[in-house]
Each structure stands twice: as structure tokens, then as C-alpha cells.
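Visitor: First the structure, then my questions, so here it is.
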Amino acid sequence: MGRFEPFGTGFKADFDVRVGPAHSAWDCPVFARELRADVERVMGITFDTDGDGRDASGGYRFWFENDELSFHLIVDDPEEGRPLDRVPAYAVPVSRSERVATWELAERLYDGLDDLGTYLLIAFERDGMPVAANFDIGDDW
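Quick note, the sequence shown lines up with residues 1239 to 1379 if you use the numbering used here.
Below you can see the structure in the form of C-alpha cells.
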């Protein structure tokens, strides 16, 4: 059993994987470009985005959809307050397949990015409770 599986059952069992830089200062355009490329490699997808993905708010939006999965990646400037100020991007993979569950996609994304050693990560289940984090996020959830 995967560690995300207990949180991935039932209707609308989505996960939100928050991502931030582990070793570098915040630079939204650079981070968006690097994270996009790493997510594409880890998940084996190519985002359906024209240009660099920048939107009118100054953030970046990337998406991918096919018969098997839907994937949205959003990179914006950090929110205030720890620990979310350290993980300003979020990725939402959703399975459309009967063969692969959403929790499996979220766990593959989390583990793949964590293996790179360049990202801070927090995975949240649909009700906002953390499932996994690779840095200290405290106990006040």
C-alpha cells in the first residue's frame, strides 16, 4: 500500500502537491520554467501551454489533459505565513483512468520531485490535511 492510498478513496479524492525551491532564492519565472520541465519528466507528459505559460496576474499556469489524466500546475508568488510561503506552486494531478488512481499519480509526482533534491514539498489531501512533507511544517493542522 502506498502512503497516499489511505487518503485517496471515495468521491473527489484529490491531492494538492505544493512545491517550492529548496536551495535557491525565489524567482517566479525561473522557478516556473524549471518546475514545468521537471514535472513533465516525472509524469511523462507535455503541458498544453503556448509560450511560457505566464498569465495576466504575473503567475504561470500549465495544464495537460487526455483520456487518462488531467494535470494542472500553478506557480504564483508566495503566500504569507509558514509553511505555505515556502511552497508557492501547486500541482493537481487527477486520474481519469480505472487503471491508475489519483493517489498513485500524486505519490509518483511527490516522490519524483523529492528524488531530485531541489524542491520543498507538501502533499495535502482533499480536506487540507498534510499527507507528506519533506521539511518541518509544524503540527498545527
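Glycine included, C-beta positions come from ideal geometry on N, C-alpha and C. What you are looking at is a predicted structure, and each value in this text was computed from that prediction instead of being measured.
(1) How many Å lie between Asp-1252 and Leu-1311 at the Cα?
(2) If you run the structure through DSSP and keep just helix, strand and coil, what is Trp-1264?
(3) Can you tell me whether Leu-1359 is buried or exposed? The criterion is at least 16 other CB atoms within 10 Å of its CB, across all chains shown.
(4) On the criterion of 16 or more Cβ atoms from any shown chain inside 10 Å, does Ala-1263 qualify as buried, or is it exposed?
(5) As a quick exercise: from Arg-1337, Gly-1376 and Arg-1324, pick the residue whose alpha carbon is nearest that of Thr-1356.
(6) Could you pull the start and end residues of the beta strand (DSSP E) that Asp-1353 belongs to?
(7) Decide if the segment 1268 to 1283 is in contact with the segment 1340 to 1357; the criterion is three or more beta carbon pairs, one per stretch, under 8 Å apart.
(8) Going by other Cβ atoms of all chains shown within 10 Å of its Cβ, with 16 needed for buried, is Gly-1289 buried or exposed?
(9) What number of angstroms, rounded off, separates the C-alpha of Arg-1256 from the C-alpha of Asp-1377?
(10) Would you please state the rounded distance, in angstroms, between the beta carbons of Ser-1308 and Val-1332? I believe it to be under 8 Å.
(11) Quick check: the Cα distance between Arg-1320 and Tyr-1298, rounded to an integer number of angstroms?
(12) Nearer than 7 Å: is that true of the beta carbon of Asp-1353 relative to any heavy atom of the ligand PLP?
(13) Mind reading off the beta-carbon distance from Phe-1302 to Asp-1286? Whole number of angstroms is fine, and I expect it under 8 Å.
(14) Taking its Cβ as the centre, do 16 or more other Cβ atoms sit within 10 Å of Glu-1345, making it buried, or is it exposed?
Guide: According to the data block:
(1) For the purposes of this step, residue 1252 is identified with residue 14 of the sequence shown, where counting begins at 1. For the purposes of this step, residue 1311 is identified with residue 73 of the sequence shown, where counting begins at 1. Approximately 14 Å between the Cα atoms of the pair.
(2) As a position in the sequence shown, residue 1264 is number 26, starting the count at 1. It is coil, neither helix nor strand.
(3) Stepping through the sequence shown from its first residue, residue 1359 is reached at position 121. Leu-1359 comes out buried.
(4) For the purposes of this step, residue 1263 is taken as residue 25 along the sequence shown, with counting starting at 1. It is exposed - the Cβ of Ala-1263 has fewer than 16 other Cβ atoms within 10 Å.
(5) As a working note, residue 1356 is residue 118 in the sequence shown. Nearest C-alpha to Thr-1356: Arg-1324.
(6) Within the sequence shown, the letter at position 115 stands for residue 1353. From DSSP, Asp-1353 is part of no beta strand (DSSP E) but of the alpha helix (DSSP H) over 1340 to 1354.
(7) yes
(8) Locating residue 1289 in the sequence shown gives position 51, counting from the first residue. So Gly-1289 ends up on the exposed side.
(9) If you number the sequence shown from 1, residue 1256 lands on position 18. If you number the sequence shown from 1, residue 1377 lands on position 139. Taking the straight line joining both Cα atoms gives about 17 Å.
(10) One-based indexing of the sequence shown puts residue 1308 at position 70. One-based indexing of the sequence shown puts residue 1332 at position 94. Right, the Cβ-Cβ distance comes to about 5 Å (below 8 Å), so this counts as a contact.
(11) Position 82 of the sequence shown, counting from 1, holds the residue named residue 1320. Position 60 of the sequence shown, counting from 1, holds the residue named residue 1298. Computed Cα separation, rounded: 22 Å.
(12) Of the ligands one can find in the structure shown there are none, so the ligand PLP has no counterpart to examine.
(13) Start at 1 with the first residue of the sequence shown, and residue 1302 comes out as number 64. Start at 1 with the first residue of the sequence shown, and residue 1286 comes out as number 48. Indeed they touch by this definition, with Cβ atoms about 6 Å apart.
(14) In the sequence shown, counting from the first residue as 1, residue 1345 sits at position 107. Result: buried.
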